[in-house]
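Participant: I have a structure I would like to understand better, so I am pasting it below and will then ask my questions one at a time.
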Amino acid sequence: MSKDKPTYKEHRVEREWCKGCGICVHFCPKNVLALDQEQKVMAARPEDCICCRLCEYRCPDLAIEVICED
Amino acid sequence: MPVRDYLRERFFPHMWCPGCGHGTVLNALLRAVEKLGLDKNDIVMVSGIGCSARISGYVDFHTMHTLHGRALAFATGVKMSRPELTVLVPMGDGDALAIGGNHFLHAARRNIDMTAIIMNNRIYGMTGGQFSPLTGYGCFGTTAPYGNVDHDFDVVELSTAAGATFVARSTTYHVIELADIIKKAITHKGFSVVEVLSQCPTNFGRRNQLGSAVEMLETYKKQTVPLNSKAAQDAPDKIRRGIFVEKERPEYSNEYKKMIRTATGES
Numbered sequence: 053m054s055k056d057k058p059t060y061k062e063h064r065v066e067r068e069w070c071k072g073c074g075i076c077v078h079f080c081p082k083n084v085l086a087l088d089q090e091q092k093v094m095a096a097r098p099e100d101c102i103c104c105r106l107c108e109y110r111c112p113d114l115a116i117e118v119i120c121e122d
Numbered sequence: 099m100p101v102r103d104y105l106r107e108r109f110f111p112h113m114w115c116p117g118c119g120h121g122t123v124l125n126a127l128l129r130a131v132e133k134l135g136l137d138k139n140d141i142v143m144v145s146g147i148g149c150s151a152r153i154s155g156y157v158d159f160h161t162m163h164t165l166h167g168r169a170l171a172f173a174t175g176v177k178m179s180r181p182e183l184t185v186l187v188p189m190g191d192g193d194a195l196a197i198g199g200n201h202f203l204h205a206a207r208r209n210i211d212m213t214a215i216i217m218n219n220r221i222y223g224m225t226g227g228q229f230s231p232l233t234g235y236g237c238f239g240t241t242a243p244y245g246n247v248d249h250d251f252d253v254v255e256l257s258t259a260a261g262a263t264f265v266a267r268s269t270t271y272h273v274i275e276l277a278d279i280i281k282k283a284i285t286h287k288g289f290s291v292v293e294v295l296s297q298c299p300t301n302f303g304r305r306n307q308l309g310s311a312v313e314m315l316e317t318y319k320k321q322t323v324p325l326n327s328k329a330a331q332d333a334p335d336k337i338r339r340g341i342f343v344e345k346e347r348p349e350y351s352n353e354y355k356k357m358i359r360t361a362t363g364e365s
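Chains A and B, in that order, are what the protein sequence lines are.
First residue of the first sequence? That's 53 in the working numbering, and the numbers climb one at a time after it.
First residue of the second sequence? That's 99 in the working numbering, and the numbers climb one at a time after it.
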């Protein structure tokens with residue numbers, strides 16, 4: 053294990069802000085995210101997250117935050 | 099998240115449609131500002147009218163929501179009176195290049211120190227999908243039901259010819275690159291133009307059968323190439339991304355200050 057690799061903690065989602073566009077779900081390189089029954093994003097496979105934060109950067113609703121420990 | 103410190107959270111969720119690229123432009127802009135460590139009280143954001151212009155309501159900087167196409171004129175006033183402030187001017191394609199076309203050309207010619215971000219969704223989204231100067235030949239809009247006969251501007255060539263000293267293009271798919279380009283544009287001393295291809299799934303996408311926001315982003319991924327790359331050499335027809343112009347030229351507010359000193363005899 054590289055000492056620089058961040059450790060994943062959680063995805064924080066502002067459910068009120070998420071509009072369910074699915075951009076984060078589609079472009080997640082590790083297929084971590086999914087939309088739930090209310091069409092809001094959730095971390096379905098959090099154990100696969102590599103903390104790249106691309107979901108956080110691409111989210112048009114600024115609704116996702118990936119919490120990682122460096 | 100430090101980025102959230104720059105938001106007026108009371109106005110969220112924002113008014114943009116699901117999958118609208120403008121939210122991603124806001125996201126990248128805030129990351130650029132956060133990386134530069136700018137104080138929100140040292141930033142002025144001036145916007146005009148349109149979907150894009152609503153961005154100024156969501157940031158906790160000094161903000162002005164002004165007249166259609168006239169954001170750069172108001173921003174010029176701000177910069178001339180308070181040149182120490184960082185001035186950001188996000189505009190839509192119609193706002194910047196149709197109604198505001200002349201302001202845009204002359205702000206670029208003067209090389210006044212501000213960052214113009216053109217959120218190019220190729221349509222007037224807010225008013226229902228009328229064609230804009232960036233819609234392009236053959237594309238559809240409510241005012242072009244049989245296909246548009248107007249040709250579009252190339253924002254990079256237009257800005258370069260008008261004299262902008264920093265000209266770049268990116269997309270809402272290439273978010274890391276976009277944040278980095280906006281950061282460089284803000285740091286650049288002079289008139290900076292960043293064109294961002296930003297998807298409008300509701301009006302442009304639907305009328306041109308481009309699919310969902312996800313599919314429109316896939317198109318940005320496939321149809322653009324980094325400037326001066328091997329991929330660009332192999333695909334002359336694809337849209338170039340990157341920094342096209344980055345040069346030094348005397349900056350307007352600075353030159354004006356010098357002239358006042360000369361005229362008043364101050365050293």
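For every residue, glycine included, the Cβ atom is placed at its ideal position computed from N, Cα and C.
As the structure is a prediction and not an experimental result, all values here were calculated from the model.
Of the residues B:Tyr156, B:Ala173 and B:Lys282, which one's Cα is nearest the Cα of Val185 of chain B?
Facilitator: The candidate whose alpha carbon is nearest that of Val185 of chain B is B:Ala173.
Participant: Around the Cβ of Phe238 of chain B, are there at least 16 other Cβ atoms within 10 angstroms (buried) or fewer (exposed)?
Facilitator: Buried.
Participant: So, are the CB atoms of Val187 of chain B and Ala206 of chain B less than 8 Å apart?
Facilitator: No.
Participant: Pick helix, strand or coil for Gln89 of chain A, following the three-state DSSP scheme.
Facilitator: Three-state DSSP puts Gln89 of chain A in coil, outside helix and strand.
Participant: Within the 8 Å Cβ cut-off, does Asp56 of chain A reach chain B?
Facilitator: No, its Cβ sits nowhere closer than 8 Å to a Cβ of chain B.
Participant: Would you report the Cα separation of Phe251 of chain B and Tyr222 of chain B, rounded to the nearest angstrom?
Facilitator: The straight-line gap from Cα to Cα measures roughly 15 Å.
Participant: Could you check what DSSP says for Lys61 of chain A in three-state terms: helix, strand or coil?
Facilitator: The answer is strand: DSSP assigns Lys61 of chain A an E or B state.
Participant: Strictly under 8 Å for the Cβ-Cβ distance: is Gly117 of chain B near chain A by that measure?
Facilitator: By this cut-off, Gly117 of chain B is an interface position.
Participant: Give, in chain order, every residue of the region 287-318 of chain B whose Cβ lies closer than 7 Å to some Cβ of chain A.
Facilitator: Residues passing the 7 Å Cβ filter: Ala311, Val312 and Leu315.
Participant: Give me the subset of the region 118-134 of chain B whose CB atoms are less than 9 Å from a CB atom of chain A, sorted by chain position.
Facilitator: Going along the region 118-134 of chain B in chain order, one finds Cys118, Gly119, His120, Gly121, Thr122, Val123, Leu124, Asn125, Ala126, Leu128 and Arg129 with a Cβ nearer than 9 Å to chain A.
Participant: At 3 residues or longer, what runs of the beta strand (DSSP E) sit wholly inside the region 277-343 of chain B?
Facilitator: Counting whole runs of 3 or more residues, the region 277-343 of chain B contains the beta strand (DSSP E) stretches 289-295 and 322-324.
Participant: Give me the residue from B:Val292, B:Gly288 and B:Leu276 with the minimum Cα distance to Asp211 of chain B.
Facilitator: Residue B:Gly288 is the option with its Cα nearest to Asp211 of chain B.
Participant: Would you identify the three-state DSSP class for Leu105 of chain B, choosing helix, strand or coil?
Facilitator: It is a strand residue.
Participant: So which residues on chain B does Glu62 of chain A lean against when the C-beta distance must stay under 8 Å?
Facilitator: Neighbours of Glu62 of chain A on chain B: none; closest Cβ ~13 Å, over 8 Å.
Participant: Using a C-beta to C-beta distance shorter than 7 Å, which residues of chain B count as neighbours of Cys111 of chain A?
Facilitator: Result: Asn125.
Participant: Between the Cα of Thr258 of chain B and those of B:Tyr271, B:Val292 and B:Gly146, spot the shortest distance and give me the residue it belongs to.
Facilitator: It is B:Val292 whose Cα lies nearest to the Cα of Thr258 of chain B.
Participant: Under a CB-based cut-off of 8 Å, is Leu243 of chain B close to chain A?
Facilitator: The identity of residue 243 of chain B in the sequence shown is Pro, whereas the question assumes Leu. So no, Pro243 of chain B is outside the interface.
Participant: Closest by CA to Leu127 of chain B, which one among B:Ser179, B:Ala283 and B:Pro243?
Facilitator: The residue with the shortest Cα to Cα distance from Leu127 of chain B is B:Ala283.
Participant: If we cut at 8 Å on Cβ distances, does Met99 of chain B have a partner in chain A?
Facilitator: Because the pLDDT at Met99 of chain B is just 49, under 50, the model does not fix this residue reliably, and the value given afterwards should be weighed accordingly. Yes, contact with chain A.
Participant: Look up Met99 of chain B in the DSSP assignment and say whether it is helix, strand or coil.
Facilitator: The predicted model places Met99 of chain B with a pLDDT of 49, which falls under 50 and marks its position as unreliable, so this point remains unresolved.
Participant: Taking CB distances under 8 Å as the criterion, tell me whether Phe110 of chain B reaches chain A.
Facilitator: Output row for Phe110 of chain B: interface = yes.
Participant: Please work out which residues of its chain come closer than 7 Å, Cβ to Cβ, to Met99 of chain B, disregarding the five sequence neighbours upstream and downstream, and give them in chain order.
Facilitator: Only weak support exists for where Met99 of chain B lies, its pLDDT of 49 falling under 50; the value from the coordinates is given anyway. Here the set comprises nothing.
Participant: Mark Val247 of chain B as exposed unless 16 or more other C-beta atoms lie within 10 angstroms of its C-beta, in which case mark it buried.
Facilitator: Under this definition Val247 of chain B is an exposed residue.
Participant: Counting only the same chain and skipping the five closest in sequence on each side, list residues whose C-beta sits under 7 Å from that of Val77 of chain A.
Facilitator: Excluding sequence neighbours, Val77 of chain A sits near Leu85, Ala86, Leu87 and Val93.
Participant: Sort A:Cys120, A:Cys73 and A:Lys57 by Cα distance to Leu114 of chain A and report the nearest one.
Facilitator: The shortest Cα separation from Leu114 of chain A among A:Cys120, A:Cys73 and A:Lys57 belongs to A:Cys73.
Participant: Starting from His78 of chain A and walking both ways along the beta strand (DSSP E), at which residues does that stretch end?
Facilitator: First-last for His78 of chain A: Ile75 to Phe79, but that is the alpha helix (DSSP H), not the beta strand (DSSP E).
Participant: Quick check: the region 255-275 of chain B against the region 294-302 of chain B, are at least 3 beta-carbon pairs closer than 8 Å?
Facilitator: These segments touch.
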